[in-house]
Amino acid sequence: MSKKKKKWSAQGGAKKQEEGAVRAKKHLGQHFLKDETIAEQIAGTLTLKGYKNVLEIGPGMGVLTKHLLKRDLDLVAMDLDAESIVYLNHSFPLEHSEILQKNNRLNVIEADFLKFDLTELYGEEPFAITGNFPYNISSQIVFKMLEMREQIPEFSGMFQKEVAQRICEKPGSKTYGILSVLVQAFYEAEYLFTVPPTVFDPPPKVDSGVLRLIRRDKQNLACDERLFFKVVKTAFNQRRKTIRNSLKTFGLSDNLKEDTIFDQRPEQLSVADFVTLTQKIADDPV
Numbered sequence: 001m002s003k004k005k006k007k008w009s010a011q012g013g014a015k016k017q018e019e020g021a022v023r024a025k026k027h028l029g030q031h032f033l034k035d036e037t038i039a040e041q042i043a044g045t046l047t048l049k050g051y052k053n054v055l056e057i058g059p060g061m062g063v064l065t066k067h068l069l070k071r072d073l074d075l076v077a078m079d080l081d082a083e084s085i086v087y088l089n090h091s092f093p094l095e096h097s098e099i100l101q102k103n104n105r106l107n108v109i110e111a112d113f114l115k116f117d118l119t120e121l122y123g124e125e126p127f128a129i130t131g132n133f134p135y136n137i138s139s140q141i142v143f144k145m146l147e148m149r150e151q152i153p154e155f156s157g158m159f160q161k162e163v164a165q166r167i168c169e170k171p172g173s174k175t176y177g178i179l180s181v182l183v184q185a186f187y188e189a190e191y192l193f194t195v196p197p198t199v200f201d202p203p204p205k206v207d208s209g210v211l212r213l214i215r216r217d218k219q220n221l222a223c224d225e226r227l228f229f230k231v232v233k234t235a236f237n238q239r240r241k242t243i244r245n246s247l248k249t250f251g252l253s254d255n256l257k258e259d260t261i262f263d264q265r266p267e268q269l270s271v272a273d274f275v276t277l278t279q280k281i282a283d284d285p286v
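Numbering of the sequence shown is given in full-length UniProt numbering, commencing with residue 1 and proceeding in unit increments.
What follows is the structure, encoded as structure tokens:
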């Protein structure tokens, strides 16, 4: 790992408490995975090609953590829940001493992933992200991942099923949207398998889905990247309208709006189509 990497531990709000089961907290969107087979399958989704650093988001009681540690990697387990941090720092090492004897490269951090500066951990080194992601921030996790995609060759984990499907969906579907286009512009997206509510404590009210994203070799879009993001988001904010109507705020020339691409709705456009559309808008003389 990077020389900039620091050791973190439970501090401040993580007061001493009795060791034992961690209580799942609704406001944190916690549903603890309890199925060992599924945890092992998620741990196996990472190829570890070209990197050894892995960040697990929302480890909870470490069901996935212990299977990750069975692989040859350096693991950071990051959780916002102080109770989980205490468990991972104290009970977890006692319960899984054999695993940690073989791989003690575990760093437990109490932090909010969405606010944490990951360069403090990895500098400019590559790292993968995985986890049983809290449903209430799962889309935000993906957007932050995209911001750091140059350092993140792989991303895998568990989402609410419909979110995982949306990320991996292809054009023409009603679920194809902003996440689908922005993620697939930079990653190969694969929906791996569905997970029932019964394997969680407490069980959620919906199915979950596991996906894997592998970064594309070609990262540079053939258009202005900021404009691309703006075009995609604006188009899908009024997804029932044609591109001509959903992009009215761009003040495009009448000549450009006669292009047949403007007759389509956003869910009909592939990533390549959106790149082409963005370039047409950038070249518009108006």
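A virtual CB, placed ideally from N, CA and C, is assigned to each residue, including glycine.
C-beta atoms of Glu-56 and Ile-85 nearer than 7 Å: Your numbering for residue 56 matches position 56 in the sequence shown. Your numbering for residue 85 matches position 85 in the sequence shown. It is not a contact, given that the beta carbons lie outside the stated cut-off.
Residue burial classification, Ala-282 (beta-carbon count within 10 angstroms, cutoff 16): Residue mapping note: residue 282 aligns to position 282 of the sequence shown, counting from 1. Flag for Ala-282 reads exposed.
Inter-stretch contact at 8 Å, needing at least 3 Cβ pairs: the stretch 95-102 / the stretch 111-127: no
DSSP three-state assignment for Phe-113, whether helix, strand or coil: Your numbering for residue 113 matches position 113 in the sequence shown. It is coil, neither helix nor strand.
Cut-off 6 Å between Cβ atoms - residues of its own chain near Lys-52, not counting five sequence neighbours on either side: Against the sequence shown, residue 52 aligns to sequence position 52. Correct list, in chain order: Leu-73 and Asp-74.
For Val-54 and Met-148, the rounded distance between their alpha carbons: For the purposes of this step, residue 148 is identified with residue 148 of the sequence shown, where counting begins at 1. For the purposes of this step, residue 54 is identified with residue 54 of the sequence shown, where counting begins at 1. Each residue's Cα considered, the two are about 14 Å apart.
Top-ranked residue by Cα proximity to Tyr-135, from Val-181, Pro-203 and Leu-106: By 1-based counting over the sequence shown, the position of residue 135 is 135. The option with the nearest alpha carbon to Tyr-135 is Pro-203.
Secondary structure of Glu-147, DSSP reduced to three states: Here residue 147 refers to the residue found at position 147 when the sequence shown is read from its first residue. Of the three classes helix, strand and coil, the one that applies to Glu-147 here is helix, per DSSP.
Anticipated Cβ contact below 8 Å, residue 351 with Glu-120, distance rounded: Residue numbering for the chain in the displayed model covers 1 to 286; residue 351 lies beyond these limits and cannot be assessed.
Proximity winner among Ser-173, Ala-21, Gln-140 and Phe-116, relative to Arg-240 (alpha-carbon distances): On the sequence shown, position 240 is the one that residue 240 refers to. The shortest Cα separation from Arg-240 among Ser-173, Ala-21, Gln-140 and Phe-116 belongs to Ser-173.
Three-state secondary structure assigned by DSSP to Asn-132: Sequence index remark: in the sequence shown, residue 132 carries index 132 (1-based). Strand.
Unbroken stretches of the alpha helix (DSSP H), 4 residues or longer, contained in the stretch 195-236: none
Cβ pair Phe-32, Gly-58 closer than 7 Å: Position 32 of the sequence shown, counted from the first residue, corresponds to residue 32. Position 58 of the sequence shown, counted from the first residue, corresponds to residue 58. It is not a contact, given that the beta carbons lie outside the stated cut-off.
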